[in-house]
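A.B. asks:
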Amino acid sequence: MSRLSTLWVWAVFAFMYLPIAMIALFSVNDSKIMSLPFSGFTLKWYAEVMGDGRLGGGFLTTLSVAFPVAICATLLGGLAALAISFYPMRGRGIFAVLLLAPFLIPKLILAVAQLIMFNETGVERSLLTVIAAQTVIVLPFSTLVIASVLIRIDRGLLEAAADLGASGLSAFRRVVLPLMANGLMASWVVAFVLSSAEYVLTAFVSGRAQPLSVLVASDFRFALSPSLNALAVMIVFGNIALVALAELIRRRASKTGA
Amino acid sequence: MSLRVGTLLAAPVTAFLLALCVAPLLILFAYSFFRVDFVAISYDPSFANYAKIAGSATYRGLILKAFGSGALVVAITSVIGYPVAWFLAKRAGAMKSALLTLLLVPLYSGDLVRVFAWRVLLGAEGVINRSLIWAGVTDAPIQGLLFSPLATHIALTYNYLPFMVIGLWLAFESLDDAWLEAAADLGARSPSRFARVTLPLTFPGLVAGGLMVFVMVVGDYLTPQLLGGASGITVISAINDLFGTAFDWPLGSAIAWTMLAILMAFFAVGAMLIRRSSLVGGS
Chain A
516 MSRLSTLWVW AVFAFMYLPI AMIALFSVND SKIMSLPFSG FTLKWYAEVM GDGRLGGGFL
576 TTLSVAFPVA ICATLLGGLA ALAISFYPMR GRGIFAVLLL APFLIPKLIL AVAQLIMFNE
636 TGVERSLLTV IAAQTVIVLP FSTLVIASVL IRIDRGLLEA AADLGASGLS AFRRVVLPLM
696 ANGLMASWVV AFVLSSAEYV LTAFVSGRAQ PLSVLVASDF RFALSPSLNA LAVMIVFGNI
756 ALVALAELIR RRASKTGA
Chain B
458 MSLRVGTLLA APVTAFLLAL CVAPLLILFA YSFFRVDFVA ISYDPSFANY AKIAGSATYR
518 GLILKAFGSG ALVVAITSVI GYPVAWFLAK RAGAMKSALL TLLLVPLYSG DLVRVFAWRV
578 LLGAEGVINR SLIWAGVTDA PIQGLLFSPL ATHIALTYNY LPFMVIGLWL AFESLDDAWL
638 EAAADLGARS PSRFARVTLP LTFPGLVAGG LMVFVMVVGD YLTPQLLGGA SGITVISAIN
698 DLFGTAFDWP LGSAIAWTML AILMAFFAVG AMLIRRSSLV GGS
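Respectively, the protein sequence lines represent chains A and B.
Converting from the first sequence to my numbering requires adding 515 to each position, the first position being numbered 1.
Converting from the second sequence to my numbering requires adding 457 to each position, the first position being numbered 1.
Structural data, given as structure tokens:
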């Protein structure tokens with residue numbers, strides 16, 4: 516029973532990593548044809564991606580969206596997480612449903628709804644609309660990351676601070692904020708990664724400046740090229756490195772917070 | 458402390474979500490009663506769009522297909538994910554958090570990259586076909602592997618399996634082993650312990666994970682588009698076409714709201730099931 520389940524878990528993890536392993540292998544394979552057997556090791560596909568000015572421009576656009584999205588989502592997510600898990604509020608249940616809504620509504624439906632609204636109110640589509648739209652769908656995740664750190668903080672600390680004469684605000688600033696700082700950093704990184712990978716919503720509300728995800732989508736709708744493997748590997752490993760960093764920060768938080 | 462601080466903190470977030478999530482959906486709802494007159498929108502409310510959807514075999518078929526795919530992927534991911542969640546919660550020990558993180562890592566590669574990888578794997582000259590030929594299973598590449606419902610559902614299962622595992626894992630975490638020991642002491646054999654203790658107590662996790670997977674499969678746009686070929690036309694891509702090329706925004710809005718209303722009904726039923734089964738588990 517136990518051995519069988521171990522085997523099953525291994526098989527499932529292999530399934531989860533098979534696609535990533537494949538693109539990693541083909542990204543260094545010296546052939547235009549992406550199939551077995553391998554023809555030899557090369558880094559030319561990486562060189563091709565690095566030398567592509569169009570992709571470079573898309574990458575900069577992605578960065579100029581992901582930075583502000585990560586900041587906005589973390590600020591709003593921090594407020595939401597505090598309201599949900601730390602300070603009592605009225606209508607907590609409804610607020611929680613409102614927070615979850617962007618996660619549960621199909622992205623394309625949210626995208627067309629925002630498109631109509633921007634159109635009706637005469638808001639020009641630009642990087643600003645992309646930032647606003649992406650912040651909406653990243654918000655549930657950043658709230659969750661920050662709340663997961665907040666719920667480990669002992670609420671008794673707030674009472675102790677009050678007993679020692681601290682006002683609500685100074686108790687927040689000197690007790691809660693330092694303890695939630697790691698959660699905020701982890702949220703920033705997670706939001707950054709989610710923003711840079713987002714395609715459906717971005718494609719709808721972006722104007723002329725096209726982020727990397729939109730460029731890549733139009734590329735491989737038509738043809739698969741090995742340099743797309745190299746690009747995918749760079750995106751995956753960049754993301755994994757960032758998420759590992761966020762996880763490290765969050766772990767550190769759970770140690771100091773406990 | 459009064460209720461005021463929390464409410465004050467929640468206010469900006471509420472305003473933001475009302476402006477960029479709730480308001481757009483309400484405008485979308487209003488649009489679903491309008492109509493296109495040549496190229497202009499006629500703001501003359503009627504139920505014509507909804508009547509058109511109800512009367513069109515194509516749209517009815519696409520909606521049914523979406524929910525069929527959702528149900529199928531929920532079934533597959535729950536069968537694959539159940540043992541994994543059990544293992545993570547009860548057997549992984551010190552490796553638990555490392556394994557959980559490893560399970561979630563592929564999610565961060567982004568939808569596009571994952572769909573791209575499945576194209577490389579499933580293509581006519583792809584890795585799976587080449588391996589099958591090499592192993593002597595088949596002589597010529599299997600053509601229907603990519604651009605088929607099979608390819609779409611493999612990738613959908615891949616995309617959303619982690620969400621099912623997380624939902625189930627949370628349920629297994631709160632499952633007290635003492636219940637199982639008590640059942641064993643009372644003479645229940647292993648299959649009956651599973652059917653009468655484990656399954657009912659992890660049912661809320663199954664519902665929560667199932668709802669997440671269901672709504673994401675129903676709403677997925679990229680996967681069927683890029684892997685499904687001719688079968689990749691979904692109700693979501695129909696909405697996309699009505700907004701993108703056909704410029705029939707009112708009809709698109711009506712289909713979108715039909716989908717939203719059905720999904721909301723599923724959530725209501727799911728929430729009720731979770732509440733009821735956690736009452737049973739707690740007593």
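Backbone N, C-alpha and C fix where the C-beta goes; we use that ideal spot for every residue, glycine too.
Bear in mind that the values here come from a model prediction, so they are computed numbers and not experimental data.
Just to make sure I have the definition right: I need the residues of chain B whose C-beta is within less than 9 Å of the C-beta of A:LEU659. Which are they?
C.D. replies: By Cβ distance, chain B contributes nothing, its closest Cβ being about 11 Å from A:LEU659, past 9 Å.
A.B. asks: Which stretch, first to last residue, makes up the beta strand (DSSP E) that contains B:ASP494?
C.D. replies: 492-494
A.B. asks: Whole angstroms is fine: what's the gap from A:GLY772's alpha carbon to A:SER685's?
C.D. replies: The predicted position of A:GLY772 is uncertain, since its pLDDT is 47 and thus under 50; no value can be drawn from it.
A.B. asks: So, using beta-carbon positions, are B:LEU483 and A:ILE631 closer together than 8 Å?
C.D. replies: Taking 8 Å as the cut-off, the Cβ atoms of B:LEU483 and A:ILE631 do not count as close.
A.B. asks: Would you say A:GLN629 lies against chain B (beta-carbon separation less than 8 Å)?
C.D. replies: By this cut-off, A:GLN629 is an interface position.
A.B. asks: Since B:LEU679 meets chain A, which of its residues come closer than 9 Å, beta carbon to beta carbon?
C.D. replies: TYR714, VAL715 and ALA732
A.B. asks: Nearest-angstrom Cα distance between A:SER520 and A:TYR602?
C.D. replies: 43 Å
A.B. asks: Could you give the residue range of the alpha helix (DSSP H) that holds B:ALA581?
C.D. replies: Premise fails: B:ALA581 is in no alpha helix (DSSP H) and is neither H nor E.
A.B. asks: Quick check: is the beta carbon of A:ALA773 nearer than 8 Å to any beta carbon in chain B?
C.D. replies: Because A:ALA773 sits at a pLDDT of 41, beneath the cut-off of 50, its placement in the model cannot be relied upon, and the following sentence gives the value as read from the coordinates. So, not an interface residue.
A.B. asks: Short check: CB of B:LEU569 to CB of A:VAL651, under 8 Å?
C.D. replies: no
A.B. asks: Taking A:SER520 as the query, report the chain B residues whose CB atoms sit under 9 Å from its CB, ordered along the chain.
C.D. replies: PRO540, VAL541, TRP543, PHE544 and ARG548
A.B. asks: Within 10 angstroms of the Cβ of B:TRP591, are there 16 or more other Cβ atoms? Answer buried if so, exposed if not.
C.D. replies: exposed
A.B. asks: Would you report the Cα separation of A:VAL543 and A:TYR532, rounded to the nearest angstrom?
C.D. replies: Rounded to whole angstroms, the gap between the alpha carbons of A:VAL543 and A:TYR532 is 17 Å.
A.B. asks: Suppose only complete runs of 4+ residues qualify. What are the alpha helix (DSSP H) ranges in the region 570-626 of chain B, listed by chain order?
C.D. replies: Assignment of alpha helix (DSSP H) within the region 570-626 of chain B, counting only whole runs of 4 or more residues, yields 584-591 in chain order.
A.B. asks: Output needed in chain order: residues of the region 597-610 of chain A with a Cβ under 7 Å from some Cβ in chain B.
C.D. replies: LEU597, ALA598, TYR602, PRO603, MET604, ARG605 and PHE610
A.B. asks: How big is the Cα-Cα spacing for A:TYR637 and B:MET552?
C.D. replies: For clarity, residue 637 of chain A is Gly in the given sequence; the question names Tyr instead. For A:GLY637 and B:MET552, the distance between alpha carbons rounds to 53 Å.
A.B. asks: Express the C-alpha separation of A:VAL748 and A:GLY568 in angstroms, rounding to a whole number.
C.D. replies: 18 Å
A.B. asks: Apply the 10 Å Cβ neighbour rule to B:SER740 and answer buried if 16 or more other Cβ atoms are within range, or exposed otherwise.
C.D. replies: Interpretation of B:SER740 is limited by its pLDDT of 39, a score under 50 that renders its predicted location unreliable; no figure is taken from the coordinates.
A.B. asks: With 8 Å as the threshold, decide whether the Cβ of B:TRP706 is near any Cβ in chain A.
C.D. replies: yes
A.B. asks: For B:PHE671, decide whether its Cβ has a neighbour in chain A, counting only Cβ atoms nearer than 8 Å.
C.D. replies: No, its Cβ sits nowhere closer than 8 Å to a Cβ of chain A.
A.B. asks: For A:ILE620, which of helix, strand or coil comes out of DSSP?
C.D. replies: If DSSP states are grouped into helix, strand and coil, A:ILE620 belongs with coil.
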